[in-house]
Amino acid sequence: MPFSLWKVVIVHLTTVTFYSCSYLRNLEDNPQIPAIAKNFGTKGRYEEVNPYLIEDILAVNNSILQPPSAQCRPIHLTAIIRHGTRYPTSKNVKKMQQFYNIVLQNASGEDSWLREIQNQWTMWYKEDMDGRLVLKGMNDHKHLAIRLSKLFPSLISEEKLRGGFIKFITSSKHRCVNSTLSFKAGLTELWEIRDQKFDHAVNDALMRFFDNCKKFLQDVDNNPSAMTEVDNFKKGAEMRRVQEKIADRLRVKYDAITDDMAEAAFYLCAYEFAIKSVNSPWCQLFDEVDAQALEYANDMKQFWKRGYGYDINSKSSCILFHDVFSRLDKAASENKSGQQVTEAVTVQVGHAETLLPLLTLLGLFKDSENLTSTNYAKQTQRSFRTSYILPYAANLVLVLYDCGGGDLRLQPLLNEKPVMFPGLTDQKAAMPLYQDIKEHYSELLHGCDFEKECQLF
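Residues in the sequence shown are numbered consecutively from 13, following the working numbering.
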């Protein structure tokens, strides 16, 4: 549908739509959606996190906004957003090409899906695609912009945009810049703005802080031993069984299917679905047990490289953490003095590697035990599941409310769902007092210094 027509549609989308459990189960049985789509981790679609969007990509659920009183009004919104759906990186394209060659040259199975791969499917991924944003990724951000404008119409409004009260910041990576442009296009096309352009700032210090944290680079990112648990799981019984099942289905020798090849096969299924919305024959290589093991391997990598595995992972995001709270403080101060809040909305576009360390620093999705190579069976109900936390276009939205009488409250939303700040006793419908949040994170606010945390001793 052309964007010029969406405005008409949105006027009529004023009621909250509820979706029954049976409807969501039907989505899982949809033959166009791989049964394993919910296990794609950081390669997953945003729609798997919010299945109601499959039927209506512009639907919003206003019931998630439950301020404690009718007096409450939003005065500031900060959104930290991962880029939209992208092509695989050149490194992964190489692995996918290698696995495709094995299937083409060595597989002797007789299943119809295998014949389809060998006779009809062609390897269309190229190394020069290297993580670039795809059309679906552009739409991810256009649609998100429209939905957020519907959820917070007093903040994300044509008036605020034209008045310069909405600020855009992005990582320098092309997929992030193009996601930012798409987010802006979602708004300008919605309001049919053609007479004005809106700038964005490139700020890698904020959105790619991990590149500048020497301790993280030395101790984790460039340190092979930091991934020992991940390597051990990939060599363990669960992953070995996945590799053997793939080999059996293809009728190739077991040693042809390494853990890298199993991962490449999983990516072929995931990317075909994320980019083209196709339930491809590659997905027939896996059952749900296989997918859960591969998802765990991906979650472990994120856990040890960007999450709770090492303290420096989260501490590397101190600069972004302070930036967020300085914006909130500025909005609170301007509001208290009766001024107009000069930065009503901040949209910051980065990477999964931007968002996960910050979520970790905030203490979200923390399990009682680390993800290790030996506790896979115990982690089936884990909170740390990147399929739900970090799909393409994943977003953390923090909304500051003035509820009257100096009562400021903050609502956190992750992927358009309320989340709870851990350790706060008085949640008040997931909208705690801003002062309570600052007190809860006071140690980080006063002691989490990026330069100090990231220096090498």
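Each residue gets a CB set at the ideal place from its N, CA and C atoms; glycine is no exception.
Computed from a predicted structure; not experimentally measured.
_Sub-8 Å separation of Tyr-445 and Leu-402 beta-carbons_ = Tyr is not the amino acid found at residue 445; the sequence shown has Leu there. Taking C-beta atoms as the reference points, Leu-445 and Leu-402 fail to come closer than 8 Å.
_Residue range of the unbroken alpha helix (DSSP H) whose run includes Tyr-266_ = No alpha helix (DSSP H) contains Tyr-266, which DSSP labels as neither H nor E.
*Note down the Cα distance separating Leu-468 from Lys-226, rounded to an integer number of angstroms.*
Taking the CA atoms as reference points, Leu-468 sits about 7 Å from Lys-226.
*From Leu-126, Cys-466, Ile-87 and Phe-377, pick the residue whose C-alpha is nearest to that of Lys-327; which is it?*
Its Cα nearest to that of Lys-327, the residue Cys-466 stands out among Leu-126, Cys-466, Ile-87 and Phe-377.
*asked:* Does Leu-39 come out as helix, strand or coil in the three-state DSSP assignment?
replied: Only weak support is given to the placement of Leu-39: the predicted model assigns it a pLDDT of 49, under 50, and the value that follows is read from those uncertain coordinates. Of the three classes helix, strand and coil, the one that applies to Leu-39 here is helix, per DSSP.
*With which residues is Tyr-446 paired in a DSSP beta bridge?*
In the DSSP output, where bridge partners are listed per residue, Tyr-446 has none listed.
_Taking only three categories from DSSP, how would you classify Arg-57?_
For Arg-57, the secondary structure class from DSSP, reduced to helix, strand or coil, is coil.
*asked:* Is it buried or exposed, Met-150, if we count other Cβ atoms within 10 angstroms and call 16 or more buried?
replied: Residue environment for Met-150: buried (at least 16 other C-beta atoms within 10 angstroms of its C-beta).
*What residue from Lys-107, Gln-78, Ala-442 and Glu-59 has the CA that sits closest to Asp-271's CA?*
Restricting attention to Lys-107, Gln-78, Ala-442 and Glu-59, the CA atom closest to the CA of Asp-271 is found in Lys-107.
*In this structure, does DSSP put Asp-414 in helix, strand or coil?*
Three-state DSSP puts Asp-414 in a strand.
*Assuming Lys-429 and Ile-48 form a contact by the criterion Cβ under 8 Å, report the distance between their Cβ atoms to the nearest whole angstrom.*
Not confirmed; about 22 Å, so no contact.
_I'd like the list of long-range same chain contacts for Gly-56, defined as Cβ closer than 6 Å, with 5 residues on each side in sequence excluded._
Cβ within range, chain order: Ser-399 and Pro-403.
*Segment limits, alpha helix (DSSP H) that includes Gly-459*: 454-459 is the extent of the alpha helix (DSSP H) around Gly-459.
*Starting from Ile-93, follow the beta strand (DSSP E) in both directions and report where the run begins and ends.*
Ile-93 -> beta strand (DSSP E) spans 85-94.
*Mind pulling the beta strand (DSSP E) runs of 3 or more residues that sit fully within the stretch 331-395?*
Runs of beta strand (DSSP E) with 3 or more residues, each lying fully within the stretch 331-395, are found at 357-362, listed in chain order.
_Distance between beta carbons of Leu-167 and Leu-86, contact taken as under 8 Å_ = In the sequence on display, residue 86 carries Pro and not Leu. The beta carbons of Pro-86 and Leu-167 sit about 5 Å from each other, so the pair counts as a contact at 8 Å.
_Could you give the first and the last residue of the continuous alpha helix (DSSP H) run that contains Gln-130?_
Counting along the chain, the alpha helix (DSSP H) containing Gln-130 begins and ends at 124-131.
*Does DSSP put Arg-252 in a helix, a strand or coil?*
Reduced to three states, the DSSP call for Arg-252 is helix.
_Top-ranked residue by Cα proximity to Gln-423, from His-88, Met-443 and Gly-416_ = Comparing Cα positions, the closest option is Met-443.
_Going by DSSP in three states, Ile-48 sits in which element: helix, strand or coil?_
In the structure shown, Ile-48 sits in coil (DSSP, three-state: anything other than H, G, I, E or B).
*Put Phe-180 into one of helix, strand or coil per three-state DSSP.*
Three-state result, Phe-180: strand.
_Relative to the C-alpha of Arg-233, which candidate in Trp-316, Lys-464 and Ala-405 has its C-alpha closest?_
First, the amino acid is wrong: residue 233 is Asp here, not Arg. The alpha carbon of Asp-233 has as its nearest neighbour, out of Trp-316, Lys-464 and Ala-405, the alpha carbon of Trp-316.
*With DSSP run on the structure shown, which of helix, strand or coil describes Pro-165?*
If DSSP states are grouped into helix, strand and coil, Pro-165 belongs with coil.
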